[in-house]
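Data first, discussion second: the structure below is written as C-alpha cells.
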Amino acid sequence: MSKERKSPRVPLRKAILIELVVIVTIAAFLLPGGQDLHAYYRPFVSGCLTCGYNPWHASWILAPIRLIPPAILWPVWVFLTVIGLIWASDRLGTNAIYVLLSFPALGLIWLGQVDVVVVVGLTLALLSPGPYLRGVGLLLASIKPHVSGIAILILLWHEEERLKTLLIPGLVLVASVLVWGVDWPLRWIMAREPRAMPVWGLATLFPWALVAFLG
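Take any residue in the sequence shown, note its place counting from 1, add 744, and you have its number in the working numbering.
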C-alpha cells in the first residue's frame, strides 16, 4: 500500500512568503518610499508631537523607530511590517500571500505606515489567553483610534476580564496624564487641522476606503 503523498501547498506557500519578504525588503533599499515614516513618525517619536497625527502616547509605543538609522529605517520597517502581517495572518487563519498583495497592505508598506502595530495589537487582543496580554494588544491598537476604535469597543464589550485587560492601558493613560496633563487628548484633537491632512489621508476615510479595500 503506497504512502499517501503530502500536499505541496504548505511548503509552496512558505516559499512564496519567503520570496515576498526578500523581494520587498531588497526593493526598499533600491526604491524611494517610506515618506510617512520619515516625514511624520520619526519626528513624532523624537518629541515633535504635533508633527504626527497619532495620539501622543503612541510616541512611546513607536519609540524604537528612533533606534534605527535613517538610512535604513524604511527597509527595516518594511521587513518588520511584512513579518508582522504574516504573523497576524497565521494566527487568524488567513492566507498571508493575499494579505501582502492586497491594495491596503501595499499602500501602507510603500508609505511606511505603522498599521502593522494596530494589526498585531488587535490580533493579541482577540486571541491571547491572558487578559494582560490582551490589554497590551489594545494598547498597541490604540495608536490609531480612527482605525481601531470600533474594534476596540467591540472587544471590550465581549471581554469577560475587563478590569484586568484594561490595567496596562490604564497605567499608560495615567502616565500620559502626568506627563502632558489631563487635557492632552483634547489638545491633540484640536491640533488636528483638516487642511493639514496627509495627501493619502482621504484614502482611509469611511465609506470610500471600503471601495478600495473590497476592490
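Every residue, glycine too, gets a C-beta built ideally from N, C-alpha and C.
Residues Ile-830, Ala-840 and Ile-841 of the same chain have their beta carbon placed closer than 7 Å to that of Leu-761, with the five preceding and five following residues left out of the count.
Less than 8 Å divides the Cβ of Gly-856 from the Cβ of Leu-781. Contact between the segment 885 to 900 and the segment 784 to 804 is present: three or more C-beta pairs spanning the two stretches fall below 8 Å. In the assembly as shown, Gly-925 is an exposed residue. Its beta-carbon has fewer than 16 other beta-carbons within 10 Å. Taken in chain order, the segment 787 to 814 contains no complete beta strand (DSSP E) segment of 3 residues or longer. The DSSP-derived three-state label of Lys-908 is helix.
The beta-carbon separation of Pro-875 and Thr-825, rounded to 27 Å, does not stay under the 8 Å limit for a contact. Boundaries for Ser-872: no alpha helix (DSSP H) harbours it, and the DSSP string shows neither H nor E there. In terms of Cβ geometry, Arg-878 and Leu-868 form a close pair [threshold 8 Å]. Taking 8 Å as the cut-off, the Cβ atoms of Ser-892 and Gly-881 do not count as close. Secondary structure note for His-890: its alpha helix (DSSP H) is the uninterrupted segment 889 to 901. Annotation for Ala-807: Val-789 place their beta carbon closer than 8 Å to its own, counting only its chain and skipping 5 residues before and after.
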